[in-house]
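Residue numbering for the sequence shown follows numbering that gives the first Met the number 0, starting at 0 and increasing by one per position. The beta-carbon is built from N, C-alpha and C at its ideal position, and this holds for glycine as well.
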Amino acid sequence: MVWWQWIVLGVVLLGAEMMVDAEFYLVFLGVSALTVGLLDLSWADSPIWAEW
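Structural data, given as structure tokens:
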């Protein structure tokens, strides 16, 4: 995925956590997606395995 897609996914998951009571699971997934997006942005020529 492109770096901005990870960031959008993270924001969507964090927004979904505010709307739905998912017992805090979506917060961790959202923060993880944001972290992967920011790492992919800072390391632009990263291999695909670095995202997984």
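Cβ neighbour criterion (16 or more within 10 Å) applied to residue i
{"i": "residue 5", "result": "buried"}
{"i": "residue 14", "result": "exposed"}
{"i": "residue 49", "result": "exposed"}
Three-way DSSP call (helix, strand, coil) for residue i in this model
{"i": "residue 43", "result": "coil"}
{"i": "residue 10", "result": "helix"}
{"i": "residue 1", "result": "coil"}
{"i": "residue 27", "result": "helix"}
{"i": "residue 35", "result": "helix"}
{"i": "residue 48", "result": "helix"}
{"i": "residue 22", "result": "coil"}
Whether residue i touches residue j by CB criterion (8 Å)
{"i": "residue 2", "j": "residue 44", "result": "no"}
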